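S.K.: This structure is in structure tokens; I'll ask about it shortly.
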Amino acid sequence: MHCESDPTNTTEDAVVDVPKRKEYKIPRFNRDSAYAYVQKQVNFGPRVPNMASHTACKEWLVGKFKEFGASVIEQDFQATAYTGTVLNSTNIIASYNLDADERILLAAHWDTRHIADKDNERTEEPIDGADDGGSGVAALLEIARQINLTGIDLGVDIVLFDAEDHGEENGDTPDTWCLGSQYWSKTPHKAGYRAKFGVLLDMIGSKNARFPKEGVSMKYAPQLVNKIWKLGQNMGYGNHFVNTPVGGITDDHYYVNEIARIPMIDIINLPGGTKTFGHYHHTHDDNIDVIDKRVLGATGQVVLAAIYRENNGTL
Ligand code: AHN
Ligand code: ZN
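The opening residue of the sequence shown carries number 207 in the working numbering; numbering runs sequentially from there.
Below is the structure:
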């Protein structure tokens, strides 16, 4: 009998050929570039759905991701706000390596709050949202720019959710927030979409930002939280990536976990613990002056390192 042709001799076939990803050097996150992306967003004016400034910013964001070599999908949807207003909204999805089976998800919300309900004046006017909206988007734009310059083998999907910040502050109505992530989680941009994990960036660039270990993140992806926080601490940013556990926040990651069933963590500035946002939160103080480009740079560098470590098999 010829062993080579014996179909029962599967010794060689049994050695599963795991496709090994190429290793990449971790790129340098450029904080000046990211800071300029915050400023640019603020300069458009309010990114509040139904406003011309919202549409103009959307077109700029889509153009930047295309410039950075991503495949971009604009997922349009309409959502009814707690006020009854129909919000013409768009989730923006920018993808690298569409064919890769192993994928990670990165997200932020690109809309800004329509009112300054925590301010003492001009409470009916929309805020700049430099940190609340602007900083997370800016970091993801810089990450996209670096991915395009360096290359990566892992599949990466950057989702900018719309209509996150049009919720009702008082009353027990958490589902009035995060309308874009609720829509996407029920109707992903691709049927059957899966990712190994997700990371949400929400208010990551202000002076003295503190990112405690947030409850929803710890419920669904505690090991990922612990790895990324340890990485941040090892990189010298233990002042931001603190080990304090705090209660859960209804943020975009909540719906991605609960509905899409993709484990997603939230890097969010909660300096005073659960639901204790920064002093500038939902006020006119959330303008470019609250951004500290060293903090924006630190957070962006930690996330970029986590992405490339995941690619290299070292996260
Ligand atoms: C709640 O206040 C329930 N969720 C809002 C989370 C948020 C608002 N992140 C930024 N702005
Ligand atoms: Zn907000």
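Even for Gly, the Cβ is constructed at its ideal location relative to N, Cα and C. Values in this document were obtained by computation on a predicted structure and should not be read as measured data.
#1: Do Gly484 and Ser423 have their beta-carbon atoms positioned less than 9 Å apart in this structure?
#2: What is the C-beta distance between Leu346 and Glu308, in whole angstroms, given that I count them as a contact (C-beta under 8 Å)?
#3: Would you check whether the ligand ZN has a heavy atom nearer than 8 Å to the C-beta of His320?
#4: Under three-state DSSP, which class holds His487?
#5: So, helix, strand or coil for Asn449, using DSSP?
#6: Put Pro428 into one of helix, strand or coil per three-state DSSP.
#7: Pop quiz: His169 and Val268 are said to be a contact at Cβ under 8 Å. What is the actual Cβ separation, rounded to whole angstroms?
#8: Opposite Ala313 in the DSSP bridges: which residues?
#9: Rounding to the nearest angstrom, what Cα-Cα distance links Gln245 and Pro233 in this structure?
#10: Please tell me whether, using a cut-off of 8 Å, the distance from the CB of Ile455 to the nearest non-hydrogen atom of the ligand AHN is below it.
#11: For Leu293, write down the residues that DSSP places opposite it in a beta bridge.
#12: Are Thr329 and Pro252 touching if we call contact CB-CB under 9 Å?
#13: Measure the alpha-carbon distance for Ile333 versus Arg227 and round it to whole angstroms.
#14: Look up Tyr243 in the DSSP assignment and say whether it is helix, strand or coil.
#15: Could you tell me whether the stretch 367 to 380 touches the stretch 425 to 436, where touching means 3 or more Cβ pairs closer than 8 Å?
#16: Tell me where the alpha helix (DSSP H) around Ile513 begins and ends.
#17: Hey, could you find the ends of the beta strand (DSSP E) Glu348 is sitting in?
#18: Is Asp212 helix, strand or coil by DSSP?
#19: Whole angstroms is fine: what's the gap from Thr296's alpha carbon to Ser239's?
#20: Sorted by chain position, which residues of the same chain lie with C-beta nearer than 7 Å to Ala466's C-beta, five sequence neighbours on each side aside?
#21: Count the other C-beta atoms from every protein chain shown that fall within 10 angstroms of the C-beta of Thr505, then say buried if there are 16 or more, exposed otherwise.
#22: Thinking C-beta only, is Leu521 closer than 9 Å to Gln352?
#23: Roughly how many whole angstroms lie between the Cα atoms of Ile279 and Ala401?
#24: Please classify Asp282 as buried or exposed, where buried requires at least 16 neighbouring CB atoms within 10 angstroms.
#25: Taking all protein chains shown into account, decide if Asn463 is buried (16 or more other Cβ within 10 angstroms of its Cβ) or exposed.
#26: For a quick check, are the C-beta atoms of Gly403 and Ala350 less than 9 Å apart?
#27: When DSSP builds the beta bridges, which residues end up paired with Met470?
M.R.: Well, looking at it:
#1: Going by C-beta atoms, Ser423 is not nearer than 9 Å to Gly484.
#2: Contact between Leu346 and Glu308 fails: their C-beta atoms lie close to 20 Å from each other, not under 8 Å.
#3: No; taking the cut-off as 8 Å, the Cβ of His320 has no heavy atom of the ligand ZN nearer than that.
#4: Note: His487 maps to coil in three-state DSSP.
#5: Correct three-state label for Asn449: strand.
#6: For Pro428, the three-state secondary structure derived from DSSP is helix.
#7: Not covered by the structure: residue 169. The range shown for the chain is 207 to 521.
#8: Residue pairing of Ala313 in beta bridges, as defined by DSSP: Val365 and Leu406.
#9: Each residue's alpha carbon lies about 23 Å from the other.
#10: At least one heavy atom of the ligand AHN is nearer than 8 Å to the Cβ of Ile455, so yes.
#11: Within the DSSP bridge table, the entry for Leu293 names Ala285 as partners.
#12: No; because the gap between Cβ atoms is not below 9 Å, this pair is not in contact.
#13: Roughly 43 Å between the two C-alpha positions.
#14: Judged by DSSP in its simplified three-state form, Tyr243 adopts helix.
#15: The stretch 367 to 380 makes no contact with the stretch 425 to 436: fewer than 3 CB pairs, one atom from each, lie closer than 8 Å.
#16: DSSP places Ile513 in the uninterrupted alpha helix (DSSP H) bounded by Lys499 to Asn518.
#17: Per DSSP, Glu348 lies in no beta strand (DSSP E); the unbroken alpha helix (DSSP H) holding it starts and ends at Gly342 to Thr356.
#18: Summary for Asp212: the model assigns pLDDT 47, below 50, so the residue's position carries little reliability; its value from the coordinates is reported in the next sentence. In the structure shown, the three-state DSSP call for Asp212 is coil.
#19: In this structure, the straight-line span from the alpha carbon of Thr296 to that of Ser239 is close to 25 Å.
#20: Taken in chain order, the residues that qualify are Ser391 and Pro394.
#21: Counting the other CB atoms within 10 Å of its CB gives Thr505 a total of 16 or more, which places it among the buried residues.
#22: At a Cβ-Cβ threshold of 9 Å, Gln352 and Leu521 do not count as neighbours.
#23: Whole-angstrom Cα-Cα distance: 17 Å.
#24: Asp282 comes out exposed.
#25: That one is buried.
#26: First, the residue type needs correcting, since residue 403 is Phe and not Gly in the sequence shown. No, the Cβ-Cβ distance between Phe403 and Ala350 is not below 9 Å.
#27: Paired residue(s): Gly404.
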